[in-house]
Every structure is written in C-alpha cells, then in structure tokens.
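Per our numbering, the very first residue in the sequence shown carries number 14; after that it's consecutive.
For reference, the structure discussed in these notes is given below.
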Amino acid sequence: MDRLISHEVLDDGALHRITLCDDARRNALSQAMFDDLDAALHAVTAALAHRSAASCVLLAATGRAFSSGFDLGACGADPSMMSTFLRRLSAAIRCLRSLPCPVVAAVQGPALAGGCALVTACDVVLAGPGARFAYPVHRIGLSPAISLPTLRGHTSGGARTVALAPEPLDAVAARALGLVHELVDDPSQLDARALAVSRQLMSKGPRAMASIKRWMNAHDGSCDLAALDATLAASVATGSSDESRAMLAATWASMQKPR
C-alpha cells in the first residue's frame, strides 16, 4: 500500500518536510495515517537528536483538505477506535510541540477536528485562502479538550472561540485570533512561502531557537504533561460515553445515506 505520509529531508538534513498525502480520503486520520505519521516523527526525532546545526520541520498536506480529522468510518465500525485515535493524536501533538526546533504548518484547505489539533501543535502557521479551522466534534458528542493546551498557546483569548465556533473559521478570522501567523493570498505560492519561512527560521541560532521554544512552551503551558494528560483523559472519557457513541452512530448512519 502507498504510504499516506511523505517525509522528505532537504537542505543537507536541516529541513524535514512531512506531507499528508491521502487526498482521496481528505487526509483523514486513520490507523494507517497515524502509523505513517508516527514513523515520520520518530525519524525526525532521531535525526535531530544527533544534529547540533539549525533545523526546521514543515508540516503540509496535498489535495482539497489539510485533514478532515479522524476516520469516522473506522470509529463507526468499532466505537473503541475513538479512544485509540485520541491517544495517537495526543502523542503526535506532544512530539511536534516538544521537538527542539521550529515546526511550520502550511495549511491549504480545511483543518478540522484532529487536523486542527495538529496545526495547533506547530509553532508557526501559514494559511492559504482555502484554509478553514474548526472542531466540528460536538455533533458526535466529543470534546476538543485534547488540543486546548496547544490551542491556548497560540490564542489564549480566542481558544474558546475556535473550540466552540458553530461554523469553521476562515484564514482571516483565524489570523485575527492568533492561530494563523501569515496569510498567503495566492494558493500556488503557499508551499514556496512555507519553505522560505522555514529557511528563515533555520538561519537563526539553533540553541537560541530551541531555548525560545522551550521557554515559550513553559510560559504558555502547551507542553505541560499534567495538562496534556488531563485533557486526553477528559476527551477519552467523553468519547467513550453512551452519549458520544449514540451521536457517532447517528452521524455515521446519516453520512451513508444516498445524497
């Protein structure tokens, strides 16, 4: 089976570009997608452990969506998969946030639910005109608590708005709240601009950048293990409830009806 994540090492090992590339399924976070993401993040972590020079990670996606969130088909077939996906998402968020170098996200389309959570784990977010940000998990009785520590790290005042918004936020609204750092008006230039920003960050002192990230994480609490553990536990408990399972079943059934 083709890999659902592309991991490219550029600039003599300085730049790692991780790309979600399951356009046919809108880059849904499935078991296979998480397997490939885990492998890519493990490779990045191992490479950075042996590197003292400047580095950067660029997280991007191909196709119509950055990520549509969890694979609801798998969750509909086996409700226990929701807890599995939540734990795997939490692990990915922690890894991205704790990497000793900047992580840049290039968001070209909707980043929904778990997809939005991955974006919040990045340090710098660039968005094209097609980007949308939302946690439409309330319709399946799920809480987005799992990503609140990292979301709050971007936009302490706007975290409530992003988490509870009834409709997706476009890139302009997300920038006003602090989740997006730069708008790229021409979608064809998003990848080039993301690479340029990544290389600008790599031109800074690597020890200084690692220190800045470490202290910013400490200041905003986005890498607080107790908070990450607590929000994961809360999300798992909510996702395992009778309410959530009933709402998930109803939502999945409605999605299967002919349109």
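No residue lacks a Cβ here, since even glycine has one placed at the ideal position from N, Cα and C.
None of these values were measured; they are calculated from a predicted model.
Can you list, in chain order, the stretches of the beta strand (DSSP E) that have 3 or more residues and sit fully within the region 82–132? 116–120, 123–125
Please classify residue 273 as buried or exposed, where buried requires at least 16 neighbouring CB atoms within 10 angstroms. Outside the displayed span of the chain (14 to 272) sits residue 273, for which this structure offers no information.
Which of helix, strand or coil DSSP assigns to residue 232: Working through the sequence shown from its first residue, we reach residue 232 at position 219. Looking at residue 232 - three-state DSSP - the assignment turns out to be helix.
Below 8 Å, can you find three or more Cβ-Cβ pairs linking the region 190–205 to the region 110–123? Short answer: they touch.
Identify the residues that DSSP records as bridge partners of residue 31: which are they? By one-based count along the sequence shown, residue 31 stands at place 18. According to the DSSP secondary-structure assignment, residue 31 is paired through a beta bridge with 20, 72.
Would you mind stating whether residue 176 and residue 144 have Cβ atoms separated by less than 8 Å? Counted from its first residue, the sequence shown places residue 176 at position 163. Counted from its first residue, the sequence shown places residue 144 at position 131. The answer is no: Cβ separation not under 8 Å.
Residue 39, DSSP secondary structure in three states: The residue given as residue 39 occupies position 26 in the sequence shown. Coil at residue 39, not helix or strand.
By Cβ distance, which residues of its chain are closer than 8 Å to residue 109, with the 5 residues on each side in sequence left out? Looking up residue 109 in the sequence shown gives position 96. Counting only Cβ-Cβ distances below 8 Å, and skipping sequence neighbours, we find 54, 70, 72, 116, 131, 134, 135.
So which of 234, 128, 32, 201 has the shortest CA-CA distance to residue 81? For this step, residue 81 is matched to residue 68 along the sequence shown. Answer by Cα proximity: 128.
I'd like to confirm the pairing. Which residues does DSSP put opposite residue 182 in its beta bridges? As a position in the sequence shown, residue 182 is number 169, starting the count at 1. BP columns for residue 182 point to 146.
Run through DSSP, which three-state label would residue 193 get? Within the sequence shown, the letter at position 180 stands for residue 193. Note: residue 193 maps to coil in three-state DSSP.
Quick check on residue 253: does DSSP put it in helix, strand or coil? Here the question's residue 253 lines up with position 240 in the sequence shown. Looking at residue 253 - three-state DSSP - the assignment turns out to be coil, as it is neither helix nor strand.
Length-filtered (4 minimum) alpha helix (DSSP H) runs lying within the region 200–225: For the region 200–225, whole alpha helix (DSSP H) runs of length 4 or above, ordered along the chain, are 203–215.
Cβ shell of residue 83 (< 6 Å), same chain only, five flanking positions each side left out: Mapped onto the sequence shown, residue 83 falls at position 70. Taken in chain order, the residues that qualify are 42, 98, 127.
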